Each structure stands twice: as C-alpha cells, then as structure tokens.
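First up is the structure itself, then whatever we jot down about it.
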Amino acid sequence: MIQVSNLSRKSRGAWETQRREKILYPPERVWSALTEARQLEEWWCDKAELDLRPGGRYAFSGRTVYPAAPGVEPEGNFELLDIEELVRLEYRWFIGEMETTVLYELESSLEQTELTVTQSAERCPAWPASDGRPNWWWTALPTLRTFIEDGAPELRLDYVKAGGDSPQRFEAAIPTYPWLIWSKLFDPAAVLRWWPQCPLAAPTAAGVSPPEGGGPASREVLDLEPPGRLVHDWHWQDGSLSRIEWNISETEDDTIVSITDHDPAADETDRVQRAIYWASTLLSLLQVSRTGDAPEEYQEN
584 MIQVSNLSRK
594 SRGAWETQRR
604 EKILYPPERV
614 WSALTEARQL
624 EEWWCDKAEL
634 DLRPGGRYAF
644 SGRTVYPAAP
654 GVEPEGNFEL
664 LDIEELVRLE
674 YRWFIGEMET
684 TVLYELESSL
694 EQTELTVTQS
704 AERCPAWPAS
714 DGRPNWWWTA
724 LPTLRTFIED
734 GAPELRLDYV
744 KAGGDSPQRF
754 EAAIPTYPWL
764 IWSKLFDPAA
774 VLRWWPQCPL
784 AAPTAAGVSP
794 PEGGGPASRE
804 VLDLEPPGRL
814 VHDWHWQDGS
824 LSRIEWNISE
834 TEDDTIVSIT
844 DHDPAADETD
854 RVQRAIYWAS
864 TLLSLLQVSR
874 TGDAPEEYQE
884 N
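Heads up: the sequence shown is residues 584 to 884, going by the working numbering.
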C-alpha cells in the first residue's frame, strides 16, 4: 500500500485530480523518463519539446495525448513553472481552453519511487474528477511504469480512436499461461482483487451476486469458450448496455489478451472515458499477472 505523503495535500484549485504510482526503480530513472524528450516520445507522446528551466517549455503532443491541441496554442501553454531536479516539476497545460497546472513529485522509497501527479484548475476542464471518474492519468502512469520496468510501454491509448464510434478494442501481451488469465476472470476472489471498480458503471443491486465471469458491472455471461473466449454484458450508470468480449490466445512467448467493447457510448466524452477504463482494466490485469500485485499496492487515486 502506498503511504500518503504531505507533499501534495494542499488543493490548488476548484478542480483537482491526483494519482500516485509506485515504480520499482529509483528516482533518477523515473526523472529521466519525465525530462528527456526522446523518452517522453517513447511512452507519452508523438513529439516533445523541453527547455528545463523556470519559464522554459515542457511541451508534448500527438494522438496519445488528451485532448487534441487547439488550433491556436494559448499563450503560456506548456510553460515550465518550477523544477527541482529529482524532486518536483510543475508546468502549465491547457485542456482545450482551460488552463491547468500539473505537478510531478518524486519520493524515494527503498530504491523505488513514489510518483505523485496532481493536476488542478479553477474549474473542470473535461469532466468531473471528484468522483474518481477515469481520466488520462489512469493510463499514462501505468504506461510510464511498464516503460521503465519492462523496457517497453504497454497500451499507449490513441485518443483519436478512443473518441470514434467504432467498437473499442485493446490488447496486451502477458507473460503467463491462458488458464491463469482465465482464472482471474472467473475466480470471484481474484476478480475482486485486481478488477477496478468503475464509477461510470451501475453497481449490482443489494443482495444480488454478480455472475461468475465478468467484472463489477456484469449481470450475465452471454457466451463462453474456456479458456479462450468470454462474452458478458456491462451495465452503465446512464442505463446503456455494452457487450464486452475477452479473447485469450497463446503464442510462443506470451499470452495475448484482448478486450472489446462492442457498444460504444453515443457521446464522445463518454466514449473516451470508457476507453480509458477498459485500457486501465487491461493494464491492471497485466500487472497482477506479471507481478502478483493488486492495484492498491502500486496505485492510489
């Protein structure tokens, strides 16, 4: 479990979202991934431009950055506000037309790093964060962690595709056996341990047990081909229903796991949030399969 420090407790605006990630490398390695343009382009963005001094520039852009940049970049966008090597980095980032500030804070813990990201603004730039709804950090920080720990980033979410109205599909290579992945989808105790709750989803009614197979907003298994294919329903808070399909196949080196939401939301913002949720769910499955760690052991929202 990550211990909450005192560094980031002060609220910096009416809207604020914060996430912590434990990374199994010392701060020097995490700092380089955050402050070298070449590394940023490997895990975070298509193009980075850095001038690491107060008043300098900390800029990133591309399909894997949310949201798409406005036609004319606002004055002061990506301005670096504060920097203390290996400890903190703060910059200005416009989400659409809304100015936000982002603060990275690094704490060393037994040759590991606890990275805290705090983003704040005078009002919500995209959607409410106070209820823990999925946002861009849900996938960005796990991708950073896999880049540092495994040498390659997993699931760089393409926000252009995420906002589209086609079925949303995500895939990851997991170094384990298919039957072990299958057990994590069907063993109730295992599901509760790794599968994150989703505030966008409708909870199961009191006293009603979810079906075996599927996560916290599933009510019915629709199709089943153990240990390679599972299809179940998914109930959203707005009353809409999705058909979720898991496919599991073995290669020489890994097990390939994919998840597809066949019924994207009508609204683009909802589609993006749901894409973030499914991508982060697959990243959680990857982590628990690779290391045995449940999300609460390396993340905190």
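Built from N, CA and C at the ideal position, the CB exists for glycine as well.
All values derive from a computational prediction rather than experimental measurement.
Item, Value
"Report the option in 640, 699 and 667 whose CA atom is closest to the CA atom of residue 600.", "699"
"Which of the three DSSP states, helix, strand or coil, is assigned to residue 728?", "helix"
"Can the beta-carbon of residue 650 be found less than 9 Å from the beta-carbon of residue 679?", "yes"
"I'd like to know whether the C-beta atoms of residue 757 and residue 869 end up nearer to each other than 9 Å.", "yes"
"With a Cβ-Cβ cutoff of 9 Å, do residue 729 and residue 704 count as a contact?", "no"
"Kindly identify the DSSP beta-bridge partner or partners of residue 815.", "804 and 827"
"Do residue 718 and residue 856 come within 9 Å of each other at the CB atom, strictly closer than that value?", "yes"
"Alpha carbon to alpha carbon, how far is residue 614 from residue 823?", "42 Å"
"Tell me the rounded alpha-carbon separation between residue 859 and residue 722.", "7 Å"
"Apart from the five residues on each side of it in sequence, which residues of its chain come closer than 6 Å, Cβ to Cβ, to residue 639?", "663"
"Ends of the alpha helix (DSSP H) at residue 620?", "620-626"
"I want to know whether the segment 739-749 touches the segment 759-766 - three or more CB-CB distances under 8 Å.", "no"
"Can you give me the Cβ contacts of residue 784 inside the same chain, cut-off strictly under 8 Å, excluding the 5 residues immediately before and after it?", "799, 800, 817, 818, 819 and 820"
"Which whole-angstrom value is the C-beta distance of residue 607 and residue 695, which I expect to be below 8 Å?", "5 Å"
"Apart from the five residues on each side of it in sequence, which residues of its chain come closer than 8 Å, Cβ to Cβ, to residue 845?", "750, 825, 826, 827 and 828"
"Mind checking residue 865: buried by the 16 CB within 10 Å criterion, or exposed?", "buried"
"Please tell me whether residue 862 and residue 753 are closer than 9 Å, where the distance is taken between their beta carbons.", "yes"
"Using C-beta distances below 7 Å, list every residue in its chain close to residue 710, excluding the 5 sequence neighbours before and after it, in chain order.", "716, 852 and 856"
"So is residue 736 buried or exposed if we call it buried at 16+ other beta carbons inside 10 Å?", "buried"
"Suppose you measure from the CA of residue 677 to the CA of residue 657; what does that come to, to the nearest Å?", "7 Å"
"Just to confirm my understanding: we take residue 617, look at its own chain, exclude 5 residues before and 5 after, and list those with CB closer than 7 Å. What are they?", "672 and 687"
"With C-beta atoms as the reference, is residue 815 less than 9 Å away from residue 794?", "yes"
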